[in-house]
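Chains as they are written, first to last, in the numbering used here: chain F, 118 to 452; chain L, 118 to 452.
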DNA sequence: TTGTATGCGTTATCAT
DNA sequence: ATGATAACGCATACAA
């Protein structure tokens, strides 16, 4: 490992001068700077991140909290695209990405402790159980933090415009002539509550009432559950004409259940999803859904986090709302 | 930030003793160890990773190289599941995960330089362009490395059993009575070559000849290209009875093209994919395909890498072959 | 069993 | 413009 000291010897100057030259300090002569850099280059010098961090108390790294509770984890296009965007932009801004872990040696740390251990410059909570006290503790532990799709005091956040998205979907379905709308809710978290609120509210605005039996509690990414719900709904004396699924993947289970009942989408049953998963768009009939701009959400998370780091104590948290885009597919029939 | 020194003062002992006590050194009395740990706990002590690394030259971190060239990146179930497995097992083994980056301050490093900068204990190349000289340079730069689905001298590797998988698929299709098999190849890399070789070889074993017009160059994860290829194949004077798509996602494009031509799968055309993507299995007819055990591949990568780190210079690289599993779906018709 | 001293590689302060 | 020196927090060889 070639160090600054080795370069200094070769250059016949002091380590201090080498350090300054490499860092482009103004109080070092042009000639010396050139020489030091040339020698460093030919010796294959690479700085030592640990030494630098120890001295400067900065890591230029972001810690990333990704959910552990769900089996689906990274394997969801929405979250992977978001991670992709976050990573790309963070690196452009000069930050590395590490996953937040809880293990250290034999023992288990809290998230906050781990972040302190690694001295991350900032933390992004991309997806997590926001009810978890450990997650909440992390968000308030003092290190700059940006959350996605949930909001904590003092932290920036990036939110998908779920209310606007659902409103647009409901209005579109209404305009297509539907009056009997059923909804299958996702897991009981902030996103689900916002979407459900917007659903009820928009229906009311449009003069539609949603009977209790059209309002089902479900889960995200659960085709089986969605299939079951679909069977229940379509067995009602007065079945809905359109079902709002919690997401595109759940819709697939609903589609299958409908087909098993001898029903055709959209002839016998209209359906909408949420997310705009690329893979699902390959399937016919093309799903009508609300595309979420996951990449942009990731990008904005990185930018907001960089801002929080830069502004330090003077940082004023912002809420960034990212609009989606209605995909008018072929699963909502004109009535 | 509470340090070892602060604990020492509170305990009335030396920093060295505190360090030893915290690390469970045998040459510290039970009583002292207990007291030090109690005080450390109530003071909220958390070690400093940078200081530790600087001293010990170990980071307990793995660097992760993920492809940058393709747009698809993380957003492919196969790779996300692999990453999930890798991350989970690596953390169990006491390692953190960071992405390998190439930016440092204003300048751009090679992968090898970045790895040296961060002093990763090991490197996993999960997916990358293995033709890239920078990737090859990383693999031979001395830090323990494990690659996935490609093989470099001196590095351990985890390989999906593509040859075995294709052989099993071909045999299954043959047993279903098919004799006119067409193949759409993926991008020209090691995986594609292995699969194609196994395809040709197995066909030959079974006495089937593959005419040139049944053998098409394509790409992975390219529904449009697969659709185009399907149209070409099905327009032949003697079309194939079964098409081997490069992966499940490409199959979706083929399915759509076939439907557009008024052909039904599997009545008019049989098809097989590769990967066993969960989402695609939700679609009817259920795709016949070879499921790759991505999670296990990730887990094995972590374990092999930990082994390489532990054994140091004495490490003998191993090749770990992970078998897949044939999913007998509904897209291959019995002839 | 405990303490002292040193150094890991870097940056930053203060002299020169 | 350059250099000497200290310090970041920790682990360890060695002395007591």
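A virtual CB, placed ideally from N, CA and C, is assigned to each residue, including glycine.
Neighbourhood of residue 141 of chain F by C-beta distance below 8 Å, restricted to the same chain and skipping five residues each side: If you number the first chain from 1, residue 141 of chain F lands on position 24. Within the same chain, residue 141 of chain F has close Cβ partners 150.
Quick one: which chain L residues come within Cβ less than 7 Å of residue 360 of chain F? What you label residue 360 of chain F is simply residue 243 of the first chain in a count that begins at 1. In chain order: nothing, as chain L lies at least about 16 Å away.
Buried or exposed (CB count within 10 angstroms, at least 16 for buried), residue 279 of chain F: By 1-based counting over the first chain, the position of residue 279 of chain F is 162. It is buried - the Cβ of residue 279 of chain F has at least 16 other Cβ atoms within 10 Å.
Among residues of its own chain, excluding the 5 on either side of residue 252 of chain L, which ones have a beta-carbon nearer than 8 Å to its beta-carbon? Reading the second chain from its first residue, position 135 is the one you call residue 252 of chain L. Contacts found: 182, 228, 242, 245 and 246.
Quick check on residue 373 of chain L - is its C-beta less than 8 Å from some C-beta in chain F? Against the second chain, residue 373 of chain L aligns to sequence position 256. It does; some Cβ of chain F falls within 8 Å.
Here's the rule I'm using: 16 or more other beta-carbon atoms within 10 Å means buried, otherwise exposed. How should residue 321 of chain F be labelled? For the purposes of this step, residue 321 of chain F is taken as the residue at position 204 of the first chain. Under this definition residue 321 of chain F is an exposed residue.
Segment limits, beta strand (DSSP E) that includes residue 436 of chain L: Here residue 436 of chain L refers to the residue found at position 319 when the second chain is read from its first residue. That run of the beta strand (DSSP E) goes 436–439.
What is the residue span of the alpha helix (DSSP H) that residue 376 of chain F lies within? Indexing the first chain from 1 puts residue 376 of chain F at position 259. 365–377 is the extent of the alpha helix (DSSP H) around residue 376 of chain F.
Just how far apart, CA to CA, sit residue 301 of chain F and residue 324 of chain L? For the purposes of this step, residue 301 of chain F is taken as residue 184 along the first chain, with counting starting at 1. For the purposes of this step, residue 324 of chain L is taken as residue 207 along the second chain, with counting starting at 1. Cα to Cα, the separation comes out at about 53 Å.
In chain F, which residues lie less than 9 Å from residue 420 of chain L when you measure between Cβ atoms? As a position in the second chain, residue 420 of chain L is number 303, starting the count at 1. Here the premise fails: no neighbours, minimum Cβ distance about 16 Å.
Contacts around residue 432 of chain F, its chain only, beta-carbon distance under 6 Å, and the 5 residues preceding and following it disregarded: In the first chain, counting from the first residue as 1, residue 432 of chain F sits at position 315. Contacts found: 425.
At a Cβ threshold of 8 Å, is residue 236 of chain F touching chain L? Locating residue 236 of chain F in the first chain gives position 119, where the first residue counts as 1. Interface residue, yes.
From which residue to which residue does the alpha helix (DSSP H) around residue 442 of chain F run? Translated into positions along the first chain, residue 442 of chain F becomes position 325. Not the alpha helix (DSSP H): residue 442 of chain F falls in the beta strand (DSSP E), residues 442–444.
Tell me whether residue 359 of chain F sits in a helix, a strand or coil according to DSSP, three-state version. Start at 1 with the first residue of the first chain, and residue 359 of chain F comes out as number 242. In this structure, residue 359 of chain F counts as strand in the three-state DSSP scheme.
Is residue 400 of chain L closer than 8 Å to residue 438 of chain F when the C-beta atoms are compared? Within the first chain, the letter at position 321 stands for residue 438 of chain F. Within the second chain, the letter at position 283 stands for residue 400 of chain L. Residue 400 of chain L sits away from residue 438 of chain F, with the two beta carbons spaced by 8 Å or more.
Could you spell out the range, first to last residue, of the alpha helix (DSSP H) harbouring residue 282 of chain L? Taking the second chain and counting its residues from 1, one reaches residue 282 of chain L at position 165. Start and end: 279–292.
CB of residue 214 of chain F within 8 Å of CB of residue 204 of chain F, strictly: Within the first chain, residue 214 of chain F is the residue found at index 97, counting from 1. Within the first chain, residue 204 of chain F is the residue found at index 87, counting from 1. Yes, the Cβ-Cβ distance between residue 214 of chain F and residue 204 of chain F is below 8 Å.
Below 9 Å on C-beta distance, what does residue 409 of chain F contact in chain L? Translated into the one-based positions of the first chain, residue 409 of chain F becomes position 292. Within chain L, no residue comes near residue 409 of chain F; the closest Cβ sits about 13 Å away, beyond 9 Å.
Name the chain L residues that come within less than 8 Å of residue 340 of chain F, Cβ to Cβ? Here residue 340 of chain F is taken as the residue at index 223 of the first chain, counted from 1. Correct list: 399.
Using a Cβ cut-off of 8 Å (strictly closer), state whether residue 451 of chain L contacts chain F. Along the second chain, one-based indexing puts residue 451 of chain L at 334. Not an interface residue.
Since residue 263 of chain L is in the beta strand (DSSP E), which residue starts that stretch and which ends it? Looking up residue 263 of chain L in the second chain gives position 146. Where residue 263 of chain L is concerned, the enclosing beta strand (DSSP E) stretches over 262–265.
Give a yes or no on whether the minimum CB-CB distance between residue 233 of chain F and chain L is below 8 Å. In the first chain, the residue the question calls residue 233 of chain F occupies position 116. Output row for residue 233 of chain F: interface = yes.
Separation of residue 449 of chain L from residue 328 of chain L, as counted between CA atoms: Working through the second chain from its first residue, we reach residue 328 of chain L at position 211. Working through the second chain from its first residue, we reach residue 449 of chain L at position 332. In a straight line, the C-alpha of residue 328 of chain L is about 21 Å away from that of residue 449 of chain L.
Can you give the Cα-Cα distance for residue 307 of chain L and residue 317 of chain L, rounded to whole angstroms? For the purposes of this step, residue 307 of chain L is identified with residue 190 of the second chain, where counting begins at 1. For the purposes of this step, residue 317 of chain L is identified with residue 200 of the second chain, where counting begins at 1. Their backbone Cα atoms lie some 15 Å apart in a straight line.
Can you round the beta-carbon distance between residue 407 of chain L and residue 285 of chain L to whole angstroms, since I take them to be within the 8 Å contact cut? To locate residue 407 of chain L, count along the second chain from 1; it is residue 290. To locate residue 285 of chain L, count along the second chain from 1; it is residue 168. The Cβ separation is near 7 Å, so the contact holds.
Residues that residue 213 of chain F contacts on chain L, provided the C-beta gap is smaller than 8 Å: As a working mapping, residue 213 of chain F is identified with position 96 in the first chain. What residue 213 of chain F touches in chain L: 215, 216, 218 and 235.
Cα separation between residue 273 of chain L and residue 207 of chain L? Within the second chain, numbered from 1, the residue matching residue 273 of chain L stands at position 156. Within the second chain, numbered from 1, the residue matching residue 207 of chain L stands at position 90. About 16 Å.
If we cut at 8 Å on Cβ distances, does residue 376 of chain F have a partner in chain L? For the purposes of this step, residue 376 of chain F is taken as residue 259 along the first chain, with counting starting at 1. Chain L contact via Cβ: present.
Burial state of residue 413 of chain F, where buried means 16 or more other Cβ atoms lie within 10 Å: Residue numbering aside, residue 413 of chain F sits at position 296 when the first chain is read from its first letter. Around the Cβ of residue 413 of chain F, a 10 Å sphere holds 16 or more other Cβ atoms; the residue is buried.
From residue 447 of chain F to residue 265 of chain L, what distance separates their C-alpha atoms? Indexing the first chain from 1 puts residue 447 of chain F at position 330. Indexing the second chain from 1 puts residue 265 of chain L at position 148. Approximately 40 Å, taken between the alpha carbons.
Can you list the beta strand (DSSP E) stretches of 3 or more residues lying completely in the stretch 394–428 of chain F, in chain order? 406–408
Which residues, in order along the stretch 240–261 of chain L, keep a beta-carbon less than 9 Å from a beta-carbon of chain F? none
To the nearest angstrom, how far is it from the Cα of residue 139 of chain F to the Cα of residue 312 of chain L? As a first step, residue 139 of chain F is located in the first chain; it is residue number 22 there, counting from the start. As a first step, residue 312 of chain L is located in the second chain; it is residue number 195 there, counting from the start. Computed Cα separation, rounded: 49 Å.
Residues bridged to residue 179 of chain F by DSSP? Position 62 of the first chain, counted from the first residue, corresponds to residue 179 of chain F. Paired residue(s): F:214 and F:239.
Among L:310, L:299, L:366 and L:364, whose alpha-carbon lies nearest the alpha-carbon of residue 347 of chain L? As a working note, residue 347 of chain L is residue 230 in the second chain. Residue 347 of chain L has its Cα closest to that of L:299, out of L:310, L:299, L:366 and L:364.
Roughly how many angstroms separate the alpha carbons of residue 338 of chain L and residue 129 of chain F, rounded to a whole number? Sequence index remark: in the second chain, residue 338 of chain L carries index 221 (1-based). Sequence index remark: in the first chain, residue 129 of chain F carries index 12 (1-based). About 57 Å.
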